[in-house]
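2 protein chains.
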Amino acid sequence: MPDHAHGSRADRLRDAGYKLTNARLTVLQVLEQSGGHITSTELLERVSAADPAIGRASVFRCLDLFTRLSFIRPTYIDNNVTPTYVLMPDGHHHHIICNACNRVIEFEECHLEALTKELEERLHVKLTGHLLEFYGLCENCCIEKAVTADE
Amino acid sequence: MPDHAHGSRADRLRDAGYKLTNARLTVLQVLEQSGGHITSTELLERVSAADPAIGRASVFRCLDLFTRLSFIRPTYIDNNVTPTYVLMPDGHHHHIICNACNRVIEFEECHLEALTKELEERLHVKLTGHLLEFYGLCENCCIEKAVTADE
DNA sequence: TGAGTTTAGAGAGTTTGTATCATGTTGAAT
DNA sequence: ATTCAACATGATACAAACTCTCTAAACTCA
Chain A
-1 MPDHAHGSRA DRLRDAGYKL TNARLTVLQV LEQSGGHITS TELLERVSAA DPAIGRASVF
59 RCLDLFTRLS FIRPTYIDNN VTPTYVLMPD GHHHHIICNA CNRVIEFEEC HLEALTKELE
119 ERLHVKLTGH LLEFYGLCEN CCIEKAVTAD E
Chain B
-1 MPDHAHGSRA DRLRDAGYKL TNARLTVLQV LEQSGGHITS TELLERVSAA DPAIGRASVF
59 RCLDLFTRLS FIRPTYIDNN VTPTYVLMPD GHHHHIICNA CNRVIEFEEC HLEALTKELE
119 ERLHVKLTGH LLEFYGLCEN CCIEKAVTAD E
């Protein structure tokens, strides 16, 4: 079994009652090295490269599990076939998707702590994470559109 | 050609340079009658019921187009196969997804106007919509978990 | 009316995710 | 350390979802 960094996500996995198996730790490691955005296809390739013994089904099982634990969240960026899984480092993630070129611009601040608390109290729910997505045009595509309109 | 309500979305479609075809108007109508959440499979069925002449590919082309125009946004609720498309009535939509039972709780207020404006100015982007998703446990699932932990 | 452009429909083909089940691994109790 | 039961895995066949390609139709504008 290869070396694994046993970070806080592995701890959370164990604390939630799940076993720390090779497949889960490898998938977690690949996700963490992905830079925050990865599709299932890319993930399958990289997991397979890291350990060819890990099967297809296990990778998908991990994606389900990690989604339920709010480690990641599937979202659509390029097309309607493959979701992109985004890491939610502290339980949350925020980005802007350009509707013209599909570029993703990430940003940090969301100021949603107050809303989170208010919703928890009013609706009696327990919130573990959130994803905030804005849609529109990025700087380049704004300029291109303006140029085209001038012609 | 069946009757269609020519609301503001049809206007936006035309204003963006797209033709108001029967397929597009029918898909739009079904989406608007869907109550805000619909999967591609359900949409295909209902469009087919409304007008059997409309083909599969056209429905998916509409979903792509309407997503680019921020009429709708695909998101994962139940599983990793079929996304659910949510209507974004005024360009935005907000909900809570229960990680245990997949129930969706919608809420209205998001207080994101200020952040939208700030991002537009700072990053020189033009934002047309947003989706805010919270994840966690709904009231019922909170209770069940507490009961299980007591045993 | 006629040329050019956009859009549609059909259906096969590709890709992505799932179900099943026998086997292997994990973690805890002894 | 050893053992055991529950949990998790891997292989593969299967099913579902989405796309591609091509031809035909509809719409636009002169």
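Chains A and B supply the protein sequences, listed in that same order.
By this note's numbering, the letter at position 21 of the first sequence is numbered 19, and the numbering carries on one by one without gaps.
By this note's numbering, the letter at position 143 of the second sequence is numbered 141, and the numbering carries on one by one without gaps.
Cβ atoms here follow ideal geometry from the backbone N, Cα and C, with glycine treated the same way.
Quick caveat, the model's predicted, so the values are computed rather than measured.
On the criterion of 16 or more Cβ atoms from any shown chain inside 10 Å, does residue i qualify as buried, or is it exposed?
i	result
valine 45 of chain B	buried
proline 0 of chain B	Since pLDDT at proline 0 of chain B reaches only 36, below the 50 mark, its modelled position is unreliable, and the value read off the structure follows with that caveat. So proline 0 of chain B counts as exposed.
threonine 24 of chain A	buried
aspartate 9 of chain B	exposed
Determine, for residue i, whether the minimum Cβ-Cβ distance to residues of chain A falls below 8 Å.
i	result
serine 6 of chain B	no
phenylalanine 105 of chain B	yes
serine 46 of chain B	no
serine 56 of chain B	no
asparagine 97 of chain B	yes
valine 102 of chain B	no
glutamate 119 of chain B	no
proline 50 of chain B	no
arginine 66 of chain B	yes
glycine 127 of chain B	yes
glutamate 137 of chain B	yes
cysteine 60 of chain B	no
For residue i, would you say it is in contact with chain B, using Cβ-to-Cβ distances shorter than 8 Å as the test?
i	result
histidine 35 of chain A	no
proline 87 of chain A	no
valine 25 of chain A	no
glycine 15 of chain A	no
phenylalanine 132 of chain A	yes
histidine 153 of chain A	The structure shown has nothing for residue 153 of chain A, since chain A only spans -1 to 149.
valine 123 of chain A	yes
isoleucine 94 of chain A	yes
proline 72 of chain A	yes
leucine 113 of chain A	yes
Which residues share a DSSP beta bridge with residue i?
i	result
valine 84 of chain A	A:His35 and A:Arg71
isoleucine 95 of chain B	B:Val102 and B:Tyr133
leucine 125 of chain B	A:Gly134
histidine 90 of chain A	A:His128
Roughly how many angstroms lie between the CA atoms of residue i and residue j, to the nearest whole one?
i	j	result
threonine 37 of chain B	aspartate 49 of chain A	35 Å
isoleucine 94 of chain B	leucine 121 of chain A	10 Å
proline 72 of chain A	aspartate 13 of chain B	32 Å
leucine 41 of chain B	phenylalanine 69 of chain B	15 Å
threonine 39 of chain B	isoleucine 52 of chain A	32 Å
glycine 134 of chain B	glycine 127 of chain A	7 Å
threonine 19 of chain B	leucine 11 of chain B	10 Å
glycine 33 of chain A	lysine 17 of chain B	40 Å
cysteine 96 of chain A	arginine 59 of chain A	30 Å
isoleucine 103 of chain B	tyrosine 74 of chain A	21 Å
histidine 2 of chain B	glutamine 27 of chain B	The predicted model places histidine 2 of chain B with a pLDDT of 38, which falls under 50 and marks its position as unreliable, so this point remains unresolved.
leucine 61 of chain A	alanine 47 of chain A	18 Å
aspartate 88 of chain A	phenylalanine 105 of chain A	14 Å
glycine 15 of chain A	lysine 143 of chain B	13 Å
alanine 109 of chain A	lysine 115 of chain B	The sequence shown places histidine at residue 109 of chain A, rather than the alanine named in the question. The straight-line gap from Cα to Cα measures roughly 14 Å.
threonine 82 of chain A	histidine 35 of chain A	6 Å
Can you check which of these residues, the options, is closest to residue i by C-alpha distance?
i	options	result
cysteine 136 of chain B	A:Leu117, A:Leu130 and A:Phe69	A:Leu117
leucine 113 of chain A	B:Gly33, B:Glu107 and B:Cys96	B:Glu107
leucine 29 of chain B	B:Glu104, B:Met86 and B:Ile75	B:Met86
glutamine 31 of chain B	B:Val84, B:Ala51, B:Arg59 and B:Cys140	B:Val84
cysteine 140 of chain B	B:Gly33, B:Ile75 and B:Cys99	B:Cys99
arginine 22 of chain B	B:Asn138, B:Lys143, B:Val123 and B:Val57	B:Val57
histidine 91 of chain B	B:Ile103, B:Asn97, B:Val102 and B:Leu130	B:Leu130
lysine 124 of chain A	B:Gly33, B:Asn138, B:Phe64 and B:Glu119	B:Asn138
arginine 7 of chain A	A:Arg66, A:Glu142 and A:Val79	A:Arg66
arginine 54 of chain A	A:Glu43, A:His35 and A:Tyr74	A:Glu43
arginine 101 of chain A	A:Phe132, A:Leu110, A:His109 and A:Leu63	A:Phe132
leucine 63 of chain A	B:Thr80, B:His35 and B:Asp76	B:Asp76
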